[in-house]
Amino acid sequence: MKEKLAILITTLALAGVAGEVFSSDDDEHRGAAWGKTADVAAVSNEQYRAECASCHLAYPPGLLPAASWEKIMSGLSDHFGDNAELAPDVTKALTAYLVANGADRVNYRRSVKFARSAGNSAPLRITEIPYFRKEHREIPARMIKTNTQVGSLSNCSACHQRAEAGSFSEREITIPGYGRWDD
Ligand code: HEC
Ligand code: HEC
């Protein structure tokens, strides 16, 4: 009888642990189990950096789904009010790089979150994605819009100094004029 009880308790304990691991829908858990440790992949294409980082940082491809990159790259002549058109062969090569490394094509921890949050939509902006908005909603406007060194949330590298390296860790955030972000 005692033995049976011990076995029952052990079984229940194991089931409890297993249940927590397998049924957890928490992103952090999954990220740790499936994803690579970096937030998103670093920018790894020199041509991309040369062509797409003159007006803003070279956004790591893992911040937008593949369909978003296709849309952006097929509309470069009217790119957020600017003309960012490139030679057709360059456009083709960069599109291939961006699409292959889009948020829904890789399993980096943070890319998975951006991809899931974008769902079936193909937003033109990272800053439109609900997950992005949620992560930034507590930052006061004086640190962004009226901060001459930032201007807008599209300027990722103003605060995430290692954005092109794919790092968005909260420990690495410095807001210009305000110092390190302390949550
Ligand atoms: C001539 C300047 C210029 C060039 C070159 C340029 N962009 Fe942009 N890009 C802009 C402007 C302006 C915005 C809007 C920024 C804002 O609202 O603060 C923008 C925004 C973006 C955004 C959205 C950022 C957000 O708000 O989430 C993406 C993605 C982007 N660009 C990708 C690219 C890619 C890919 C290339 C290279 C093919 C490129 N850009 C080249 C001017 C440029
Ligand atoms: C004005 C400074 C600023 C700008 C610009 C900015 N961020 Fe952030 N970001 C923050 C702060 C501060 C946090 C942490 C917010 C919190 O803890 O409440 C954050 C959080 C994040 C997180 C979540 C990090 C974590 O550990 O949970 C990601 C991912 C991120 N930002 C990506 C971006 C991207 C991509 C851009 C550009 C499109 C961007 N951010 C632009 C300040 C900024």
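Numbering (numbering that gives the first Met the number 0), first residue to last: 0 to 182.
A virtual CB, placed ideally from N, CA and C, is assigned to each residue, including glycine.
Assess, as a yes-or-no matter, whether the region 76-85 is touched by the region 102-119 under the definition of 3 or more beta carbon pairs within less than 8 Å.
Judged by Cβ distances under 8 Å, the region 102-119 makes no contact with the region 76-85, as fewer than three pairs qualify.
Ligand 1 and I172: does the residue's C-beta get closer than 6 Å to at least one heavy atom of that ligand?
Reading the sequence shown from its first residue, position 173 is the one you call residue 172. Not under cutoff, so the answer is no.
If you draw a straight line from the C-alpha of N119 to the C-alpha of R179, how long is it?
By one-based count along the sequence shown, residue 119 stands at place 120. By one-based count along the sequence shown, residue 179 stands at place 180. Answer to the nearest angstrom: the Cα atoms are 35 Å apart.
Inter-residue Cα distance where the pair is T90 and A66:
One-based indexing of the sequence shown puts residue 90 at position 91. One-based indexing of the sequence shown puts residue 66 at position 67. Straight-line Cα distance between these residues: approximately 15 Å.
Secondary structure at D181, three-state DSSP: helix, strand or coil?
Here residue 181 refers to the residue found at position 182 when the sequence shown is read from its first residue. It is coil, neither helix nor strand.
Cβ neighbours of T126 in the same chain (closer than 6 Å, five flanking residues each side left out):
If you number the sequence shown from 1, residue 126 lands on position 127. Within the same chain, and ignoring the five residues on either side of T126 in sequence, the residues whose Cβ sits closer than 6 Å to its Cβ are L152, S153.
Between the C-alpha atoms of E27 and R109, what's the straight-line distance to the nearest angstrom?
Along the sequence shown, read from residue 1 onward, the residue named residue 27 stands at position 28. Along the sequence shown, read from residue 1 onward, the residue named residue 109 stands at position 110. Its pLDDT being 42, under 50, E27 is placed unreliably by the model, and the measurement read from it follows with that caveat. E27 and R109: Cα-Cα distance of roughly 9 Å.
If you drop the 5 nearest sequence neighbours on each side, which residues of the same chain put their C-beta closer than 7 Å to that of N82?
For the purposes of this step, residue 82 is identified with residue 83 of the sequence shown, where counting begins at 1. So the list reads S76, once near-sequence residues are dropped.
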